[in-house]
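Basically the numbering used here = 1-based index in the sequence shown + 25.
Just so you know, even glycine gets a beta-carbon here, dropped at the ideal spot from N, CA and C.
None of these values were measured; they are calculated from a predicted model.
First the structure, in the form of structure tokens, and then the observations on it.
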Amino acid sequence: SLYVSEYFSQSAQKLSFYSWYGNAKVFHFHVPEDTVLLRWLLQASRGKEPECTSMEVTVHFRYGAPPVINPLGTHFPANATVRPSYNISITLSSTVQNTTFVNITTPAAGDWFIAAHLPEAAGRIEVKGFSTPCTYMFQADMFVLRLTDIPVLEPGVAMPQTIISPAKPLHVKVFVPKYTARMWLELRNCVTSEQKTCAVRVVLGSITLPQSFQRIITCTGNVNCSLGLDSLPWEKWLQIMVESLGTANASVSVEVLAAFTDCRPGSTSSFLNFSSLNQSQAGSGPGSTGTAGSSALSTGTALHNASDQRSFCLQNQPVVREDLDVVSVRYRLLNGPSVPVYSISPTLLLLNLNTGVDSGGSLVVNLLLNKTSLSQANATVVACVSAASPVLSLNTTQNCSTAFFQGYPLSVSTSSAEAMLIVLYPQTDDWFLSLQLICPKGQGECNAAEAKVTVIAYLTPCFNDCGPYGQCSLLRRHGYLYAGCSCKAGWSGWSCTDDTKAQSVGAQNLATFLLTLSNLMFLPAIVVAVYRYYLVEASVYTYTMFFSTFYHACDQPGVAVMCIMDYDTLQYCDFLGSVVSIWVTILCMSRVKKILKYVLFVLGTLVIAMSLQLDRRGVWNMMGPCLFALIIMIAAWVYHGVKRRHCYPSSWKRWVFYLLPGITLAFIAISVYAFMETNENYYYTHSIWHVLVAGSVAFLLPPRDKHKKPWAWSQKLTCRYQICQNDREELYAVT
Numbered sequence: 026s027l028y029v030s031e032y033f034s035q036s037a038q039k040l041s042f043y044s045w046y047g048n049a050k051v052f053h054f055h056v057p058e059d060t061v062l063l064r065w066l067l068q069a070s071r072g073k074e075p076e077c078t079s080m081e082v083t084v085h086f087r088y089g090a091p092p093v094i095n096p097l098g099t100h101f102p103a104n105a106t107v108r109p110s111y112n113i114s115i116t117l118s119s120t121v122q123n124t125t126f127v128n129i130t131t132p133a134a135g136d137w138f139i140a141a142h143l144p145e146a147a148g149r150i151e152v153k154g155f156s157t158p159c160t161y162m163f164q165a166d167m168f169v170l171r172l173t174d175i176p177v178l179e180p181g182v183a184m185p186q187t188i189i190s191p192a193k194p195l196h197v198k199v200f201v202p203k204y205t206a207r208m209w210l211e212l213r214n215c216v217t218s219e220q221k222t223c224a225v226r227v228v229l230g231s232i233t234l235p236q237s238f239q240r241i242i243t244c245t246g247n248v249n250c251s252l253g254l255d256s257l258p259w260e261k262w263l264q265i266m267v268e269s270l271g272t273a274n275a276s277v278s279v280e281v282l283a284a285f286t287d288c289r290p291g292s293t294s295s296f297l298n299f300s301s302l303n304q305s306q307a308g309s310g311p312g313s314t315g316t317a318g319s320s321a322l323s324t325g326t327a328l329h330n331a332s333d334q335r336s337f338c339l340q341n342q343p344v345v346r347e348d349l350d351v352v353s354v355r356y357r358l359l360n361g362p363s364v365p366v367y368s369i370s371p372t373l374l375l376l377n378l379n380t381g382v383d384s385g386g387s388l389v390v391n392l393l394l395n396k397t398s399l400s401q402a403n404a405t406v407v408a409c410v411s412a413a414s415p416v417l418s419l420n421t422t423q424n425c426s427t428a429f430f431q432g433y434p435l436s437v438s439t440s441s442a443e444a445m446l447i448v449l450y451p452q453t454d455d456w457f458l459s460l461q462l463i464c465p466k467g468q469g470e471c472n473a474a475e476a477k478v479t480v481i482a483y484l485t486p487c488f489n490d491c492g493p494y495g496q497c498s499l500l501r502r503h504g505y506l507y508a509g510c511s512c513k514a515g516w517s518g519w520s521c522t523d524d525t526k527a528q529s530v531g532a533q534n535l536a537t538f539l540l541t542l543s544n545l546m547f548l549p550a551i552v553v554a555v556y557r558y559y560l561v562e563a564s565v566y567t568y569t570m571f572f573s574t575f576y577h578a579c580d581q582p583g584v585a586v587m588c589i590m591d592y593d594t595l596q597y598c599d600f601l602g603s604v605v606s607i608w609v610t611i612l613c614m615s616r617v618k619k620i621l622k623y624v625l626f627v628l629g630t631l632v633i634a635m636s637l638q639l640d641r642r643g644v645w646n647m648m649g650p651c652l653f654a655l656i657i658m659i660a661a662w663v664y665h666g667v668k669r670r671h672c673y674p675s676s677w678k679r680w681v682f683y684l685l686p687g688i689t690l691a692f693i694a695i696s697v698y699a700f701m702e703t704n705e706n707y708y709y710t711h712s713i714w715h716v717l718v719a720g721s722v723a724f725l726l727p728p729r730d731k732h733k734k735p736w737a738w739s740q741k742l743t744c745r746y747q748i749c750q751n752d753r754e755e756l757y758a759v760t
């Protein structure tokens, strides 16, 4: 045999602590056909910073779609199918880098996905720039070994083959045609070179993760060995591996025979299907009568009498796939939303999900039974949703298992007329929905019975759009798109349906009131600024109070939300007002000349606006203007102290009752903002930040200039006569 090796690599990704699916780093690979060995090379590394500690990296594997993971142990939505993912752990302790190999023999050809993440996030809100988090990197490379000359079995023709040694097994493949009901594999005339008892092991199918459904049989002796399989994957190559269990130097000769039993489908003709399609599209137009649609439906119904059903092993129902958006598909039945279901043969619907871009959403199948159409009250409509191959014998196999896949069962009856199934991240393949009528006393009483079932099937990025407490986000890895839910207000789970730690509506209202009304603490600062004739500063404080209030009213995660304008605009204005307030307060304390102060006001505001546009959450966007303003203030105070030959400000009361309390409040506010905020306590720690910052501004504002008198509204708003004093200097005297 001729082996060809191939190597595929993707760039490394920075790992994140897990709080939702967007924190998991996804790698997407494509395994070629006829691959006999797949080897993953997993490399995890961490930085050399002192903040780096021992860490465990969890890596998940899945065939056909991204892994469905649940590191936080939250609840999935009702009716969702969840199967544990296959995962391994890579520990980074004393070593900076850890390299791990994962080998898979005879892997399934197609899409394979890897997802890696760190443990659960601590929930602490870190200010960008205050600390340097440790960097954890992960890279996955794929090495494949494939055969270029695998023998192909012809159905019904015995193929003689020789197994040279146990170390070199025999690989053959056979193509499974469409509408195959059963395959029969037989090994004949097994003979060893040493004339000993023949012992071989036959492995049918390929390995898929997290679950593998390979069929293995062991054949010993010279008798023929056979295996029958139902519900094989249609229009796919079936891999067959035969291993020798004898001695190392003994070769084995064997004949391999594969035979198929086909299934005759029954359905309406293509002409009738297209007539129904055209009629359904034109039915909403003016003058449409619906004659073609009704004739197609009546003709299709006429085919389903008892004698016709016995000659068919299944009844096909034509389905149209309608692409709506990214990872958004709707399936429309041409003969109407209701399909007839009988007991003799199953009704089959094809749900096409093999485009390669559909596995990043959720497949939703909803069944609704028309109770009036069911003549047998105790009958049940059993349904199976399966990938690659349909379930053709629901009356005998009600667990929805096929040859190489475990399907998902559904059922509707008069007592429970509705059923729903949610398949999270369905694997890339053709999906089938099989429906059949089952009677508890036997199929004889159901021969003349019929049930009408309304089928609603669609693919959506996020089920129920993540609900009222979640946001559906489209995630991208190179050209592959997949969706995930980011939850808020304490809700969690795959679709944000887990309310174990959810905030009550009262708690949400309390958080909103605290974060918004705490900004009213700027009112004392505004009053002090106006009273001392700092009108520009008072305007800046008013701007900050307004936008901080409405930004936090819009930023709430729950139902207590009010947005007066775009969220991004409110956030930018809040950040700008906060930094500019600190800037003008420190410059006002420096007591520089007015013209210089206002020039610095304008220039500083322009520079701050530019830096916030570049990076709003960077710590130096706040610390930079503060430090520069402090340098100006210290220089001005030193200048005034040298000029007056005593400490500035000179009054000890000013230091004790104003400056020291204001500086203390400012330092406490910075400590709370930088080191104490978490996702759980954000609503009250950030409210404390508002109160402390606004209070420190009221203390730190300097007194008004001595030549300015306080506001005298009673003197300015008067209509009586006043004695005016002329302060103009007489330049000329008339004698």
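message: Taking 7 Å as the threshold (C-beta atoms), are residue 591 and residue 484 in contact?
response: Against the sequence shown, residue 484 aligns to sequence position 459. Against the sequence shown, residue 591 aligns to sequence position 566. Cβ atoms of residue 484 and residue 591: not closer than 7 Å.
query: So the beta strand (DSSP E) residue 680 belongs to, where does it begin and stop?
result: As a working mapping, residue 680 is identified with position 655 in the sequence shown. Per DSSP, residue 680 belongs to no beta strand (DSSP E) and is neither H nor E.
- request: Answer with buried or exposed for residue 504, where buried requires no fewer than 16 other C-beta atoms within 10 angstroms of its C-beta.
  value: Within the sequence shown, numbered from 1, the residue matching residue 504 stands at position 479. Residue 504 should be labelled exposed.
query: Span of the beta strand (DSSP E) holding residue 87?
result: For the purposes of this step, residue 87 is taken as residue 62 along the sequence shown, with counting starting at 1. That run of the beta strand (DSSP E) goes 80-88.
- prompt: Can you give the Cα-Cα distance for residue 272 and residue 143, rounded to whole angstroms?
  reply: To locate residue 272, count along the sequence shown from 1; it is residue 247. To locate residue 143, count along the sequence shown from 1; it is residue 118. So the alpha carbons of these two residues sit roughly 47 Å apart.
message: What residue range does the alpha helix (DSSP H) around residue 573 cover?
response: In the sequence shown, counting from the first residue as 1, residue 573 sits at position 548. It spans 560-579 - the alpha helix (DSSP H) in which residue 573 sits, taken as one unbroken run.
Simplified DSSP assignment, three categories, for residue 135: For the purposes of this step, residue 135 is taken as the residue at position 110 of the sequence shown. Residue 135: strand per DSSP, three-state reduction.
task: Can you grab the Cα-Cα spacing for the pair residue 42 / residue 407, in whole Å?
output: For the purposes of this step, residue 42 is identified with residue 17 of the sequence shown, where counting begins at 1. For the purposes of this step, residue 407 is identified with residue 382 of the sequence shown, where counting begins at 1. Approximately 43 Å, taken between the alpha carbons.
field: Unbroken beta strand (DSSP E) run spanning residue 483, endpoints
entry: On the sequence shown, position 458 is the one that residue 483 refers to. Residues 476-485.
task: Using the Cα positions of residue 443 and residue 361, report the straight-line distance between them to the nearest angstrom.
output: The sequence position of residue 443 within the sequence shown is 418, counting from 1. The sequence position of residue 361 within the sequence shown is 336, counting from 1. Residue 443 and residue 361: Cα-Cα distance of roughly 18 Å.
query: Looking at the structure shown, is residue 40 part of a helix, part of a strand, or coil, going by DSSP?
result: If you number the sequence shown from 1, residue 40 lands on position 15. Three-state result, residue 40: coil.
message: Using C-beta distances below 6 Å, list every residue in its chain close to residue 125, excluding the 5 sequence neighbours before and after it, in chain order.
response: As a first step, residue 125 must be located in the sequence shown, where it is residue number 100. Closer than 6 Å at the Cβ level, and outside the excluded window around residue 125, lie 67, 115.
query: Any idea what DSSP makes of residue 369, helix, strand or coil?
result: On the sequence shown, residue 369 is found 344 positions in, with the first residue counted as 1. Residue 369: coil per DSSP, three-state reduction.
message: Could you tell me which whole beta strand (DSSP E) segments of length 3 or greater appear in the segment 396-481?
response: 405-412, 433-438, 443-449, 454-463
message: I need the boundaries of the beta strand (DSSP E) containing residue 185, first residue and last residue.
response: On the sequence shown, position 160 is the one that residue 185 refers to. First-last of the beta strand (DSSP E) with residue 185: 184-188.
- prompt: Is the segment 166-173 close to the segment 218-236, with three or more CB pairs under 8 Å?
  reply: no
task: Answer yes or no: do residue 280 and residue 355 have a C-beta to C-beta separation smaller than 7 Å?
output: Position 255 of the sequence shown, counting from 1, holds the residue named residue 280. Position 330 of the sequence shown, counting from 1, holds the residue named residue 355. No. Outside cutoff.
- request: Classify residue 491 as helix, strand or coil using the three-state DSSP reduction.
  value: Translated into positions along the sequence shown, residue 491 becomes position 466. Residue state, collapsed to three classes: helix.
- request: Enumerate in chain order the residues of its own chain whose CB-to-CB distance from residue 572 is below 7 Å, with the five nearest sequence positions on each side excluded.
  value: What you label residue 572 is simply residue 547 of the sequence shown in a count that begins at 1. Cβ neighbours of residue 572 beyond the five flanking positions: 595, 598, 599, 602.
- request: Reducing DSSP to helix, strand and coil, say where residue 313 ends up.
  value: Numbered from 1 along the sequence shown, position 288 holds the residue referred to as residue 313. Any reading at residue 313 needs caution, since the residue's pLDDT is 38, under 50, leaving its predicted position unreliable; the model's value is listed next. In the structure shown, residue 313 sits in coil (DSSP, three-state: anything other than H, G, I, E or B).
task: State the DSSP-derived secondary structure class of residue 73, mapped to helix, strand or coil.
output: Taking the sequence shown and counting its residues from 1, the one referred to as residue 73 is at position 48. Residue state, collapsed to three classes: coil.
- request: Label residue 491 either buried or exposed according to how many other C-beta atoms from any shown protein chain fall within 10 Å of its C-beta, with 16 as the threshold for buried.
  value: On the sequence shown, position 466 is the one that residue 491 refers to. Per the 10 Å Cβ criterion, buried.
Whole-angstrom distance between residue 582 and residue 177, CA atom to CA atom: Locating residue 177 in the sequence shown gives position 152, where the first residue counts as 1. Locating residue 582 in the sequence shown gives position 557, where the first residue counts as 1. When rounded, the distance between both Cα atoms is 59 Å.
task: Just tell me which of 623, 683, 604 has its CA closest to the CA of residue 5.
output: The shown model of the chain, from 26 to 760, leaves out residue 5, and the question about it has no answer.
query: In whole angstroms, what separates the C-alpha of residue 433 from that of residue 482?
result: Reading the sequence shown from its first residue, position 408 is the one you call residue 433. Reading the sequence shown from its first residue, position 457 is the one you call residue 482. Using only the alpha carbons, I get a separation of about 14 Å.
- prompt: Under three-state DSSP, which class holds residue 521?
  reply: Taking the first residue of the sequence shown as position 1, residue 521 is located at position 496. Note: residue 521 maps to coil in three-state DSSP.
query: Assuming residue 547 and residue 719 make a contact with CB atoms under 8 Å, what is their CB distance in whole Å?
result: In the sequence shown, the residue the question calls residue 547 occupies position 522. In the sequence shown, the residue the question calls residue 719 occupies position 694. Residue 547 to residue 719, Cβ: 5 Å. Contact.
task: Following the continuous alpha helix (DSSP H) through residue 263, name the residue where it begins and the one where it ends.
output: Reading the sequence shown from its first residue, position 238 is the one you call residue 263. Unbroken run through residue 263 is the beta strand (DSSP E), 261-269; no alpha helix (DSSP H).
message: For a quick check, are the C-beta atoms of residue 516 and residue 527 less than 7 Å apart?
response: On the sequence shown, position 491 is the one that residue 516 refers to. On the sequence shown, position 502 is the one that residue 527 refers to. It is a contact, given that the beta carbons lie within the stated cut-off.
task: Identify, in the order they occur along the chain, each residue of the same chain with its Cβ nearer than 6 Å to the Cβ of residue 550, setting aside the five sequence neighbours on each side.
output: Looking up residue 550 in the sequence shown gives position 525. Closer than 6 Å at Cβ, skipping near neighbours: 566, 719, 722, 723.
Chain-order list of residues whose beta-carbon lies under 8 Å from that of residue 623 (same chain, five-residue window excluded): Mapped onto the sequence shown, residue 623 falls at position 598. Around residue 623: 561.
query: Is the segment 67-79 touching the segment 50-57 in the sense that three or more CB pairs, one from each, lie closer than 8 Å?
result: no
field: Residue range of the unbroken beta strand (DSSP E) whose run includes residue 253
entry: As a first step, residue 253 must be located in the sequence shown, where it is residue number 228. 250-255 is the span of the beta strand (DSSP E), which, as asked, contains residue 253.
message: In this structure, how does DSSP classify residue 627 when only helix, strand and coil are distinguished?
response: Walking along the sequence shown from the start, residue 627 turns up at place 602. Correct three-state label for residue 627: helix.
message: On the criterion of 16 or more Cβ atoms from any shown chain inside 10 Å, does residue 530 qualify as buried, or is it exposed?
response: By 1-based counting over the sequence shown, the position of residue 530 is 505. Per the 10 Å Cβ criterion, exposed.
- prompt: Looking at residue 725 and residue 614, is the spacing between their C-beta atoms short of 7 Å?
  reply: On the sequence shown, residue 614 is found 589 positions in, with the first residue counted as 1. On the sequence shown, residue 725 is found 700 positions in, with the first residue counted as 1. Cβ atoms of residue 614 and residue 725: closer than 7 Å.
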